[in-house]
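Enquirer:
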Amino acid sequence: MLMNNRPFGWVVKSPENLVPVEAFIRDKATAEKFLATGWEVTEVAIAAESDVRFHEQNQAYYTLVEHTNTTEQYLDEACELLSEIIKSGEAYRECTDTSSPTGKRIASVVEYVSQFLPEPHESSDDTEQEEWHMNPCHQGHRDVGAACGIAQCNRCGESMSAPTTKEAFERWNATHAPAVV
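Here it is in structure tokens:
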């Protein structure tokens, strides 16, 4: 018998006196026609857990669509603002004045965009803020780098390993002459 809850579909089986046929259909009206002509009709419903999961996924999808639409609106507004700034020499002063209409629009866009900026990386180790300049390999190639405890030339494959990347970098520079300027 057909239930009144939200079915996923129906499995229909032919009567025993006909050629054995079994099919899955999604249309309720068609399922009722099969039932009226003597076919066995079994409703396939979505389990409650699956239904909840489906609903949650749908909600997440629609939230993402709303967010995307909002972002597109802000990007469109930012494009308009940039066009206005390019066309007008006075616009720069307006941009920095938050009491002006243009300044308010820019502040709104900046506020929205700033929520998606990554947090600034605060390093407790001063060595991360150093610039590492590696000397060329013995063949003179300057395409060199260090990562995962290995310093190497990306052109010829010359390499040197160490327990840490910093140590590999230091060993490389100690055994390779600096580039001639």
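Here the sequence shown stands for residues 1 to 181, numbered as in full-length UniProt numbering.
Where is the CB? At the ideal position from N, CA and C, for every residue including glycine.
Taking Cβ positions, are Lys13 and Glu40 nearer each other than 8 Å?
Expert: Yes.
Enquirer: What does the alpha-carbon distance come out to for the pair His55 and Ala45?
Expert: The alpha-carbon atoms of His55 and Ala45 are separated by roughly 15 Å.
Enquirer: Near Asn154, what residues of its chain come up, given a Cβ to Cβ distance below 6 Å and the 5 sequence neighbours on each side ignored?
Expert: Once the five neighbours on either side are set aside, the close Cβ partners of Asn154 are Asp143.
Enquirer: How is Met1 classed by DSSP in three states: helix, strand or coil?
Expert: With a pLDDT of 44 at Met1, under the threshold of 50, the modelled position of that residue is not reliable, and the figure given next carries that caveat. In this structure, Met1 counts as coil in the three-state DSSP scheme.
Enquirer: Does any C-beta atom of chain C lie closer than 8 Å to the C-beta of Ala78?
Expert: Within the model displayed, chain C is absent; a lone protein chain is all it includes.
Enquirer: Within its chain, find whatever has a CB closer than 7 Å to the CB of Ala162; leave out the 5 residues flanking it on each side and keep chain order.
Expert: So the list reads Gly149, Ala168 and Arg171, once near-sequence residues are dropped.
Enquirer: For Thr127, count neighbouring Cβ atoms within 10 angstroms of its own Cβ and tell me buried if that reaches 16, exposed if not.
Expert: With a pLDDT of 48 at Thr127, under the threshold of 50, the modelled position of this residue cannot be trusted, and the question is left open.
Enquirer: Note down, in chain order, each residue of its chain lying with its Cβ closer than 6 Å to the Cβ of Val21, except the 5 sequence neighbours on either side.
Expert: Within the same chain, Val21 has close Cβ partners Ser14.
Enquirer: Roughly how many angstroms separate the alpha carbons of His116 and Ser99, rounded to a whole number?
Expert: The residue asked about is misnamed: residue 116 is Phe in this sequence, not His. Going by the C-alpha atoms only, they are around 25 Å apart.
Enquirer: Identify whether Phe54 lies in helix, strand or coil by the three-state DSSP scheme.
Expert: In the structure shown, Phe54 sits in a helix (DSSP, three-state: H, G or I).
Enquirer: Starting from Val21, trace the beta strand (DSSP E) in both directions and tell me its first and last residue.
Expert: Taken as a continuous stretch (DSSP letters only), Val21 belongs to no beta strand (DSSP E), as it is neither H nor E.
Enquirer: When you compare each of Glu84, Ser108 and Arg53 to Gln73 by their alpha carbons, which one comes out closest?
Expert: When only C-alpha atoms are compared, the closest one is Ser108.
Enquirer: In chain order, what residues of the same chain have a beta carbon less than 7 Å from the beta carbon of Ile25, not counting five sequence neighbours either side?
Expert: Taken in chain order, the residues that qualify are Gly9, Trp10, Val12 and Ala31.
Enquirer: If you follow the alpha helix (DSSP H) that Ala31 is part of, which residue opens it and which one closes it?
Expert: Unbroken alpha helix (DSSP H) run through Ala31: Lys28 to Ala36.
Enquirer: Going straight from the alpha carbon of Lys166 to that of Met134, what length do you get?
Expert: Cα-Cα distance, rounded: 11 Å.
Enquirer: CA-CA distance, Ala151 and Ser159?
Expert: Approximately 6 Å, taken between the alpha carbons.
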